[in-house]
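K.L.:
Mapping of the sequence shown onto our numbering: position 135 corresponds to residue 147, and the numbering continues sequentially without gaps.
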Amino acid sequence: MSVPFDLPRTLSPSKVTSFRDCALAFRFNTIEHLPEEPKVWTVKGTLVHRVLEHLFWYHGQGERTPDAAAIELDRAWDALQSDPEYLALDLSPAEADDLRTEAAALISNYFALEDPNDITPIGIELLIEARLGGLRLRGIIDRLDLTPDGELVVIDYKTGRAPSPAFEQSKLIGVHIYALLCQEVLGRKPVQVKLLHLKEPTVITAEPSDQALRGQRVKTLAVWSAIERACAHEDFRPRTSPLCNYCRFRDFCPAYGGDPDQAALVLGADVGADLGAGVGASPGLEVGAEVGADLGGAA
Ligand code: SF4
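Below you can see the structure in the form of structure tokens.
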């Protein structure tokens, strides 16, 4: 007997991208919630995000120095030692040293991209949610800045490798959705969205036009309609691409001779669970928990 697929209660920018990349992988991840082993790179990314979050959260302009970041790395590293995901990695002392050294290098690279003392953030780890038709679209913006001219800039930190120019625009889809969220919730569009790639380091910048945001709205709603259809018909099709080389579901993918219905049995499923927070509250919009300063100044 087939298992009915519940619609996800919310969509984030990464889920939108995930469905566009491959509907079947989306089903495994977002509909069936097949458990995933913690990865060094995700733990490292979380650590670096935490350090940069605290650099802005606890240090005012003029005090956001590499030394201050080093102090925040010490604190975040100490806190990480009791984190279940970190503990599950079961790293040797040498591997743990490598993780910390690589995180420190990414944070050092951050200072090559911008001077944090020149920046006025009005949101740090900003949870933002809007309703688009029947869709609850939500995301967490790493940083929302206010320029000296009173304009908004969306910042997204990236700790992985920057995409090649051919994939640059597709990687900007997520930040365009953040721009759309700003427009829907705050009533104004950011003048820029920036991906700060800390590894290279390099910055990818886009300036969303009104037309681009209207297009993004249409595309996002089209993805939601496609998800509704896929859930209703239990029809999530594989879409092969170079991403298959990194896909943890490849053994269960019909494009590679696998049986998708075996994935839940082998990996363990939690069908129907929804990891989206705030279930039931269902506000039309929600500007979240960690707004760093008065958004009124930006409105
Ligand atoms: S192997 Fe490729 S086509 Fe199959 S589920 Fe994974 S990403 Fe999709």
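Ideal Cβ positions, reconstructed from N, Cα and C, are used throughout, including at glycine.
Express the C-alpha separation of S221 and V187 in angstroms, rounding to a whole number.
P.N.:
13 Å
K.L.:
Suppose you measure from the CA of E246 to the CA of A37; what does that come to, to the nearest Å?
P.N.:
When only Cα atoms are considered, E246 and A37 end up about 13 Å apart.
K.L.:
Quick one: what's got a C-beta closer than 6 Å to L149's C-beta in the same chain, skipping five residues either side?
P.N.:
L23, A142
K.L.:
The alpha helix (DSSP H) spanning L138 covers which residue range?
P.N.:
L138 -> not in any alpha helix (DSSP H); beta strand (DSSP E) instead, spanning 133 to 144.
K.L.:
According to DSSP, which residues form a beta bridge with Y169?
P.N.:
L208
K.L.:
Would you tell me roughly how many angstroms separate the C-alpha atoms of H45 and I216, rounded to the nearest one?
P.N.:
31 Å
K.L.:
May I ask which residues mark the beginning and end of the beta strand (DSSP E) holding A218?
P.N.:
214 to 218
K.L.:
Do T171 and L118 have their C-beta atoms closer together than 7 Å?
P.N.:
yes
K.L.:
Can you check whether the CB of F264 is closer than 7 Å to the CB of A35?
P.N.:
A35 is not a Cβ neighbour of F264, given a cutoff of 7 Å.
K.L.:
Going by CA-CA distance only, name the one from V197, A218, C194 that's closest to Q204.
P.N.:
A218
K.L.:
Are R62 and N129 touching if we call contact CB-CB under 7 Å?
P.N.:
no
K.L.:
Tell me, which residues are paired with K152 by DSSP?
P.N.:
The sequence as given places Ile at residue 152; Lys does not occur at that position. According to DSSP, which records beta bridges pairwise, I152 is partnered with L139.
K.L.:
Taking DSSP as the reference, what is the three-state secondary structure of L103?
P.N.:
Residue state for L103 is assigned as coil, using DSSP reduced to three classes.
K.L.:
Quick one: which unbroken alpha helix (DSSP H) runs of 4-plus residues sit fully inside the stretch 228 to 290? Chain order, please.
P.N.:
273 to 279
K.L.:
Just curious, the alpha helix (DSSP H) that K27 is in, first and last residue?
P.N.:
25 to 33
K.L.:
In whole angstroms, what separates the C-alpha of L279 from that of T29?
P.N.:
Taking the straight line from one Cα to the other gives about 23 Å.
K.L.:
Just tell me which of V235, A275, Y169 has its CA closest to the CA of L19.
P.N.:
V235
K.L.:
My understanding is that I1 touches P25, with C-beta atoms under 8 Å, so please give their C-beta distance in whole angstroms.
P.N.:
This structure does not reach residue 1, given that the chain is present from 13 up to 311, and the question cannot be answered.
K.L.:
Measuring CB to CB, does A115 end up less than 7 Å from V60?
P.N.:
yes
K.L.:
According to the neighbour-count rule (16 or more other Cβ atoms, all chains shown, within 10 Å of its Cβ), is Y98 buried or exposed?
P.N.:
By the neighbour-count rule (16 or more Cβ atoms within 10 Å), Y98 is buried.
K.L.:
Three-state secondary structure (DSSP) at L111?
P.N.:
helix
K.L.:
Report yes if the C-beta distance between P202 and L125 is below 7 Å; otherwise report no.
P.N.:
no
K.L.:
With hydrogens ignored, establish whether the beta-carbon of P250 is closer than 6 Å to any heavy atom of the ligand SF4.
P.N.:
yes
K.L.:
Between L208 and E240, what straight-line distance do the alpha-carbon atoms span, to the nearest angstrom?
P.N.:
Roughly 33 Å between the two C-alpha positions.
K.L.:
Quick one, are the C-beta atoms of G151 and L233 less than 7 Å apart?
P.N.:
no
K.L.:
I43 lies in the alpha helix (DSSP H); which residues open and close that run?
P.N.:
Looking at the DSSP string, I43 is not in any alpha helix (DSSP H), and its letter there is neither H nor E.
K.L.:
Report all residues from its chain with a CB closer than 8 Å to the CB of L225; omit the five preceding and five following residues, and keep chain order.
P.N.:
H188, A191, L192, Q195, K201
K.L.:
So if DSSP puts D157 in a beta bridge, which residue, or which two residues, is it bridged to?
P.N.:
P133, V165
K.L.:
Taking 8 Å as the limit between beta carbons, can you name the residues of its chain near C259, skipping five residues before and five after?
P.N.:
Contacts found: C34, A37, C265.
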